[in-house]
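Sequential numbering of the sequence shown, starting at -19, is according to our numbering.
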Amino acid sequence: MRFVDVFAGCGGLSLGLLKSGMSGVFAIEKNPMAFATLEHNLIKGNKFKFDWPDFLPMNAMSCEELLSDFSEELSELAGTIDLVVGGPPCQGFSTAGRRNPSDPRNQMAEQYLKLISILKPTYLVIENVSGFASKFNETKSNEINDRFSKKSYAEFILDSLEGLGYSVSSGLVNCANFGVPQNRYRYLIVCSLKKTKVSIFDELIKHSESFLRAKSLPVERSVSVFEALSDLEIGTKQLVESTDSDRMGFFEIKYAEPDLKSAFLSLMREGAEGAPNSLRLPKHAPNTIVNFKRLQLVSTPGRSVSKSVRDSLGIKKQAITVLAKNQPSPTVTTLPDDIIHYSEARILTVRESARLQSFPDWFEFLGKYTTGGKRRKLDCPRYTQVGNAVPPLLSEAIAQVIKSLDAKNASHRDEKNAAEL
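The structure is reproduced here in structure tokens:
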């Protein structure tokens, strides 16, 4: 099956699809930093390569640019694409902050719909935060349209897709149910142009157990952060100068392959040789380290630190959680200081965050590690790339369900044709 990835980010969705055996045609991502990571690993990588049409430049571009500059060429691809996937930027929908109906990023979902109407893929997947399904409760005249005042963006998109002839299914999924060591709730829309009696989303939920068993991952419980991160602890390891930092004076562990691995760690190390990249350790101020140690002593691991505890330590940040060693992590975000390590007084490295997102160790992140100030709206550094990504394990499970359904549809079609002969 051939797919196109829109709002691709660093490639989490694409990676899962490629691992399932699907073929990538092209991917659209407007941020140069995220696109560089995507290109390095998947578009021109050692393990996977996209087919990539001759008409399309292999560089960062927006969906809006794609539609305005290559509409004729896209029309010629109509009917040749089996699947279009995408996760329109979620900041306008997020439950982590005030939802803004006039946020221009919300309009990107409409560009996605325009592309769907041109390519006419057999299947499509839209992934977003849980707030995607919440109604806009405040709109201003002349901003976006009154159609958002009484329905969520998800409802608008579902109605639009039905208007294009798709059988739609949707729902909320916890990535932890697919082997990701993280409680990450996401809203999925999964649709088919072919009329189907089953809900693709429901089939995905049913597929969870067989997917976990095939990966040798635990079925009765979630993968814990210790199972995912134990080999990356500093402990007594030697520290060496960071090998891929954009700034001097940073260190990383001298990585050694552990003799004993959890099933999840074995999965993450599959195909990797030597140390993974993005191991740079944070460089905290002494008072920050003291506060982290205090947090580890007085907070409840795995639960967001209470306001009273934050106030007692003089911490102004509103959302901060110390990891619980034997539980999955809370949602990995684009802000690295949202999560504190379970046994070490520090935030996580990019690689540790990537592990919690189920990126394998061979997958290399490029670009600067962090950003700040006015650059926040323009840059997409490594921590942001990881936090915005769709976990590849979830994506792979979605791909397997779609491939299975497509094979059944093809079999039924062949049987019907044979009966008519």
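Cβ coordinates follow ideal geometry from the N, Cα and C atoms, glycine included. Note that the structure is predicted; figures quoted are calculated from it, not measured.
C-alpha of residue 105 to C-alpha of residue 63: approximately 8 Å in a straight line.
Here DSSP, grouped into helix, strand and coil, assigns residue 178 to coil.
Contact between the region 242 to 255 and the region 207 to 218 is present: 3 or more CB-CB pairs across the two stretches fall below 8 Å.
When C-beta atoms of the region 268 to 288 are compared with those of the region 227 to 237, fewer than three pairs fall below 8 Å, so the two segments do not count as touching.
DSSP places residue 322 outside any alpha helix (DSSP H), giving it a letter other than H or E. Counting only residues of its own chain and dropping the five nearest sequence neighbours on each side, residue 311 has a CB closer than 8 Å to the CB of 162, 163, 164, 165.
Here residue 214 carries a coil assignment [DSSP, helix/strand/coil]. As DSSP reads the structure, residue -18 sits in a beta bridge with 3. Boundaries of the beta strand (DSSP E) harbouring residue 165: 165 to 172, taken from the DSSP string. Looking at the backbone, the Cα of residue 195 and that of residue 12 are separated by about 33 Å. Taken through DSSP and simplified to helix, strand or coil, residue 191 comes out as helix. Fewer than three beta-carbon pairs drawn from the region 212 to 225 and the region 169 to 189 are found closer than 8 Å, and the two stretches are therefore not classed as touching.
If you compare the alpha carbons of 317, 279, 360 with that of residue 304, the shortest gap goes to 279. Remark: C-beta atoms of residue 316 and residue 300 do not approach each other more closely than 9 Å.
Excluding the 5 residues flanking it on each side, residue 144 has same chain C-beta neighbours closer than 7 Å at 96, 97, in chain order. Distances from the alpha-carbon of residue 54 to those of 40, 7, 24 put 7 closest. No residue range can be given for residue 312, since it is assigned to no alpha helix (DSSP H) and is classified by DSSP as neither H nor E. Apart from sequence neighbours up to five positions away, the residues of its chain that approach residue 151 with a beta-carbon distance below 6 Å are 181, ordered along the chain. When the beta-carbon positions are compared, residue 158 and residue 258 stay at least 9 Å from each other. With respect to residue 191, residue 307 sits apart: the two C-beta atoms are not nearer than 9 Å. By the Cβ-count criterion, residue 223 is exposed, with fewer than 16 other Cβ atoms from all chains shown falling within 10 Å of its own Cβ.
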